[in-house]
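The listed protein sequences derive, respectively, from chains E and D.
So the mapping is simple: this note's numbering equals the position in the first sequence, first residue as 1, plus 18.
So the mapping is simple: this note's numbering equals the position in the second sequence, first residue as 1, plus 124.
Here a beta-carbon is modelled for each residue, glycine too, at the ideal position from N, C-alpha and C.
Worksheet: the structure to be examined is printed underneath.
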Amino acid sequence: AQKITQTQPGMFVQEKEAVTLDCTYDTSDPSYGLFWYKQPSSGEMIFLIYQGSYDQQNATEGRYSLNFQKARKSANLVISASQLGDSAMYFCAMREGQTSYDKVIFGPGTSLSVIP
Amino acid sequence: EAQVTQNPRYLITVTGKKLTVTCSQNMNHEYMSWYRQDPGLGLRQIYYSMNVEVTDKGDVPEGYKVSRKEKRNFPLILESPSPNQTSLYFCASSLSGGLGYEQYFGPGTRLTVT
Numbered sequence: 019a020q021k022i023t024q025t026q027p028g029m030f031v032q033e034k035e036a037v038t039l040d041c042t043y044d045t046s047d048p049s050y051g052l053f054w055y056k057q058p059s060s061g062e063m064i065f066l067i068y069q070g071s072y073d074q075q076n077a078t079e080g081r082y083s084l085n086f087q088k089a090r091k092s093a094n095l096v097i098s099a100s101q102l103g104d105s106a107m108y109f110c111a112m113r114e115g116q117t118s119y120d121k122v123i124f125g126p127g128t129s130l131s132v133i134p
Numbered sequence: 125e126a127q128v129t130q131n132p133r134y135l136i137t138v139t140g141k142k143l144t145v146t147c148s149q150n151m152n153h154e155y156m157s158w159y160r161q162d163p164g165l166g167l168r169q170i171y172y173s174m175n176v177e178v179t180d181k182g183d184v185p186e187g188y189k190v191s192r193k194e195k196r197n198f199p200l201i202l203e204s205p206s207p208n209q210t211s212l213y214f215c216a217s218s219l220s221g222g223l224g225y226e227q228y229f230g231p232g233t234r235l236t237v238t
């Protein structure tokens, strides 16, 4: 069965520090994609970064990077130089390539608070 | 502006009164999907559509119906709402159902069923 685990319900980080948000996943499909989305208190969902299972390098998008450890089935989001505007819920999501091509599974989310 | 729109944004209704939440996208996306968000559970997929007239169940389809008669629209229908369908609902679309395509989300519809 598909499953996404985010073990940190809530986290705090000092402004300008880096923070890692954990995501582990469970799949037997060799082809899959992993996504991170941000949900500020205003409620909208914002796409941050994508990692494919066959990608050779870890994905990066500005201050966001993905620490992808395929053997451990983890795809942790790293936010560098945290800003107050990074305070939000963060969701990890997965799409499988073969077994359930069109479905998307989300994790329960991590609430990040950036402290000035 | 490229966007996904949902209406209404807020809705309070009573048990058993049929309702429809509309969703429309202007990006010519093939893939559209509905999710519900509940505290501690993240987003759970209700239904999705790969293209016009092609829909399939997600993980929590019970009590919901959808249709995709036009590419841009993907309405969510609750034939007989119940209090356990009180939730925040999101519509989303992506260019395709392929692995690398991120989803664009609507602003959400907060539904309360009393």
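The alpha carbon of glutamine 209 (chain D) has as its nearest neighbour, out of D:Val128, D:Gln130, D:Glu125 and D:Gly140, the alpha carbon of D:Gly140.
Remark: C-beta atoms of cysteine 147 (chain D) and phenylalanine 229 (chain D) do not approach each other more closely than 7 Å. For serine 173 (chain D), the beta-bridge partners assigned by DSSP are D:Met156 and D:Thr179. Non-local beta-carbon contacts of alanine 93 (chain E) in its own chain, meaning distances under 7 Å to residues more than five positions away in sequence, involve Cys41, Tyr43, Leu52, Gln69, Leu84, Phe86 and Cys110 in chain order.
Listed along chain E are Gly61 and Glu62, each with a C-beta nearer than 8 Å to that of proline 231 (chain D). Listed along the chain, the chain E residues whose CB falls inside 7 Å of the CB of methionine 174 (chain D) are Asp120. Taking the Cα positions, serine 59 (chain E) is about 16 Å away from serine 211 (chain D). The beta carbon of alanine 77 (chain E) sits closer than 8 Å to the beta carbons of Ile67, Tyr68, Gln69, Ser83, Leu84 and Phe86 from its chain, once the five residues preceding and following it are set aside; these are given in chain order. Only buried fits glycine 221 (chain D), as 16 or more other CB atoms lie within 10 angstroms of its CB. Within the same chain, Cβ atoms closer than 7 Å to the Cβ of phenylalanine 30 (chain E) are found at Ser131 and Ile133, the five residues on either side in sequence being excluded. Nearest C-alpha to glutamine 101 (chain E) among E:Lys21, E:Tyr50 and E:Val37: E:Val37.
The alpha-carbon of aspartate 120 (chain E) is positioned some 22 Å away from that of lysine 88 (chain E).
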